[in-house]
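Listed in order, the protein sequences are those of chains X and D.
Basically our numbering = 1-based index in the first sequence + 28.
Basically our numbering = 1-based index in the second sequence + 230.
Encoded as structure tokens, the structure appears first; notes follow it.
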Amino acid sequence: MSFLLDGVALTHANGFTALAEITLQAERGERIALIGPSGAGKTSLISLLGTALAPTTGRATVLDTALDKLSPSQRKALRCRIGTVHQAPPIPGRQRVVTAVLAGRLGQWPAWKSLVSLIHPVDIPGARRALERVDLDDKLFARCDQLSGGQLQRVGIARAIYQQADLLLADEPVSALDPALALATINLLIDDAGQRGATLVASLHAVDLALSCFSRIVGVKAGGIHFDLPAGEVTTALLHELYASEGEELPVLAHEPRSIPGAAAQTAALAACC
Amino acid sequence: MLLKSTARDPAFRGRLNAAIIVLLVLWPLLQTAEVKPGALFDAGNLTVIGNFLAAFLPPETGSEFLGYLGKATLETLAIATAGLALAFLLAVPMGYLVSGAGREHPTLNPLSRSLLTILRGIPELVWALVLVRVFGLGPAAGVLALGLTYGGMLAKVYAEILESVDATPARALRQNGASRPLAMLYGLLPQASKELASYTVYRWECAIRASVVMGFVGAGGLGQLMDQAMKMLNGGEAATILFVFMLLVFAADGFSGWLRRALDTPPAHRSSPFGWRSGGFMLALLLSVSASFHMLDIGFGALFSLESATSISQFVASFFPPDLSAEWLAKVAKGIWETLAISIVGTLLAAVLGLLLALPKPRAPFTLLLNTLRSVPELVWATITVLAVGLGPFAGVLALALHTAGVLGRLYGEAFANTPPTAARALRQAGAPAVVVFLYGTLPGAAPQLVAYTLYRWEMNIRMAAILGFVGAGGLGQHLYFELSLFHYAQASTVIIAMLALSIAVDQVSAGLRRWMQ
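Set out below in structure tokens:
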């Protein structure tokens, strides 16, 4: 089993209830998309799975490790097996691409190896292979502030790939990318998780992307789980219910389909790809 | 809105009141600081300083003296370098402990925080004065004093720099299992490295100035030579020492500027981020630090023997309990008041002087003058002003004013250069004379900046005024120097605590002011 949340609630220090009595479980290798209006609790759910936040009540088990009463070393060992892709890649601008990618294994390496790697990268072939996957191997020794936003996002994904995590979490990983790049990126994550049999949980803003690429869709609303269905069984009515607070239109990848020429073809291609 | 029929300026009354209050406050301050411009022209004083200054020419160039001078210069550099190396070793773990950077939950660290406050709240000169009594005359006391004070300062600033950069990279690494030190090295250091290195180099520059000053309390180097020259009123030697000292300060200034620019060069496109230049620099750094310790010949082994440990603990114990008798406290309170008066009057005088020197064109000769004023530390100025106006707080006021005028003049000049020129240009085209153009066009735009700079220097001058008394220029320092020379440690302890309290109070007030101004 990949993770199991049993009646988990999360209340912030200011009294705001981010998650209320959630029960959710996933097997190894599942691909789950979290969708829902902003402020519904998607980020809290992902932070909880990533052990960044601890549940206020309920039982949570991630990668066969119970989250309550974790010792610091147990928490560290667990965290090594969890990879995260962020909306804004958390990489310092003055760091070199090779170092940023190798940083994915800081938790697994002994400290001396991480220290040596600051002076001379210890696993250049490994970093190069991860960067090849995202088509950036020519930037291996470039500095991150020389890259474009999309390239930097791909460096962040290369780091997650290099980490070889058993549970891959992604919090709005593509909301800053243009539609074509967003699609390619999601495919890359799915592909990588599929190859290693890892579980992928991604929160997504674009409903069409979620439906076309992921096998299981979890709708989150007001801190609770609104529905949890295979992608094929999610109806338009359910989606409108989920996004009732955000108006008539559903959030999709190609935001202004009428103003972009060839957008229809793009959407069709998107459906075909996944 | 209707205007009042009377021709009175509604702001006038407030301004008049403010001016009266300022005068009322300033008057007792001037009294306490014993500002007597007449003392400058007193016949006796004029002869002393006149003879002394006349002896500046020709500067001493005897080969024996130059030999001493060369050795003292090297010693000063070595004290600064070794002291900063020690400070760095102290600052890295302390900064790591104190900083909230890379932590997942906020912590308070009251113990390490208060230790840092004590280390940097007591001026390095006081540490040196006290340590000289433990380790004897010589550079060991100076190196340790620098190490302690600058260690405290570096640790605080390192911690703050690491807290000020974007925290998300480190947080992300920790969530993927990295330990706190590694998350900081990979996630925070790349963002902060330039600022950290730049501040460390700046502190090294300060350490050179400080190590000269510490020579006056017997901690070796150029300062000790200067002290001897001053005591014997040997103007020729003093002139040569001052000249070498200015050269040293300018060279350090230039070197640190070059280093800061070098940090901006992006790394080459190859596997190792370090090339021959950074490798050579690291090697030179290690060599100069070890050469410094070697030259100073500090028996650190002896410091950590059981024998010295007992003598140190006995010495420290003799400072307790501090003398808290009402009589002595009153004297210390008077010393604090005198210190404040010196700092306020000295800073005001410096502001006026700095403003006058920041304006005239062409700039070149005035820039040189400002740099000269600024490169001589306050305490060295004080040894000269004491000759010019006699012992007492007025000498301290003049010393502060001379050094600070150099600093403020330069900062004011920069502020004027950065003020948008449109207002001044319009007035000039309307035919206004230069002074009016300045008062109506440039000054209003630059005023907030000038006030901020002046307040910031005042803050530093309060600390400085507390130690000017070591050479007889009034304030708390005079009490401390006096009591320590008489081995009255209980009384000295009270003065040190007062200095610490003053420093903490200044810190708190200025932090509060800054928050309020934001």
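In this text, a Cβ means the ideal position worked out from N, Cα and C, and glycines have one as well.
Three CB pairs or more closer than 8 Å across the stretch 471-488 of chain D and the stretch 329-348 of chain D: no
Enclosing beta strand (DSSP E) for residue 196 of chain X [first to last residue]: 195-199
Other residues of its chain near residue 708 of chain D: CB distance less than 8 Å, five sequence neighbours each side excluded: 565, 699, 700, 702
Given residue 256 of chain D as reference, the closest of D:454, D:579, D:503 once Cα atoms are compared: D:579
Proximal chain X residues relative to residue 339 of chain D, where beta-carbon distance stays under 9 Å: Result: empty, since nearest Cβ-Cβ is about 18 Å, beyond 9 Å.
Span of the beta strand (DSSP E), counted from its first residue to its last, around residue 229 of chain X: 227-231
Local conformation of residue 354 of chain D per DSSP, three classes: helix
Reference residue 274 of chain X, options X:71, X:250, X:145, closest by Cα: X:250
Which of helix, strand or coil DSSP assigns to residue 246 of chain X: strand
Cβ of residue 40 of chain X within 8 Å of any chain D Cβ: With 8 Å as the cut-off, residue 40 of chain X does not count as an interface residue toward chain D.
Minimum Cβ-Cβ distance from residue 503 of chain D to chain X less than 8 Å: yes
Per-residue DSSP class, three states only, for residue 421 of chain D: Residue 421 of chain D: helix per DSSP, three-state reduction.
Near-chain D residues of the stretch 123-140 of chain X - C-beta to any C-beta below 9 Å: 123, 124, 126, 127, 128, 130, 131, 132, 133, 134, 135, 136, 137, 139
Residue from D:432, D:711, D:682, D:439 with nearest C-alpha to residue 562 of chain D: D:711
Residue-level contact to chain X via CB, residue 514 of chain D, 8 Å cutoff: no
Alpha carbon of residue 178 of chain X to alpha carbon of residue 205 of chain X, nearest angstrom: 6 Å
C-beta contact flag for residue 273 of chain D and residue 441 of chain D at 8 Å: no
Residue nearest to residue 55 of chain X in terms of C-alpha spacing, selected from X:267, X:226, X:264, X:36: X:226
Closest by C-alpha distance to residue 296 of chain D, when choosing among D:443, D:469, D:485, D:569: D:469
Simplified DSSP assignment, three categories, for residue 669 of chain D: Residue 669 of chain D falls in the helix class under three-state DSSP.
Three-way DSSP call (helix, strand, coil) for residue 413 of chain D in this model: In the three-state scheme derived from DSSP, where H, G and I count as helix and E and B as strand, residue 413 of chain D is classed as helix.
CA-to-CA distance, residue 175 of chain X to residue 99 of chain X, given in whole angstroms: Our two residues, residue 99 of chain X and residue 175 of chain X, have alpha carbons roughly 39 Å apart in a direct line.
Residue 569 of chain D and residue 692 of chain D closer than 8 Å at C-beta: yes
Rounded distance between the beta-carbons of residue 280 of chain X and residue 235 of chain X, thought under 8 Å: 6 Å
Closer than 8 Å to chain D by CB, residue 230 of chain X: At a cut-off of 8 Å between C-beta atoms, residue 230 of chain X does not count as an interface residue with respect to chain D.
Residue 553 of chain D, DSSP secondary structure in three states: Coil, per DSSP.
Pairwise C-alpha distance: residue 192 of chain X and residue 154 of chain X: 11 Å
Partners in chain X for residue 403 of chain D, counting only beta-carbon separations shorter than 7 Å: 131, 134
Cβ neighbour criterion (16 or more within 10 Å) applied to residue 79 of chain X: buried
Contact set between the stretch 306-331 of chain D and chain X, restricted to residues whose Cβ is under 8 Å from the partner: none
Alpha carbon of residue 592 of chain D to alpha carbon of residue 598 of chain D, nearest angstrom: 12 Å
Interface flag, residue 300 of chain X vs chain D, CB-CB below 8 Å: Caution applies to residue 300 of chain X, whose pLDDT of 49 falls short of 50 and renders its modelled position unreliable; the value that the coordinates give is listed next. Not closer than 8 Å to any Cβ of chain D, the Cβ of residue 300 of chain X fails to qualify, so no.
Backbone secondary structure at residue 31 of chain X - three-state DSSP: strand
Through-space distance from residue 572 of chain D to residue 263 of chain D, alpha-carbon basis: 5 Å
Run of the alpha helix (DSSP H) containing residue 268 of chain X, from where it starts to where it stops: 264-270
Identity of the residue in D:559, D:681, D:444 nearest residue 642 of chain D by Cα: With respect to the C-alpha of residue 642 of chain D, the residue from D:559, D:681, D:444 having the closest C-alpha is D:681.
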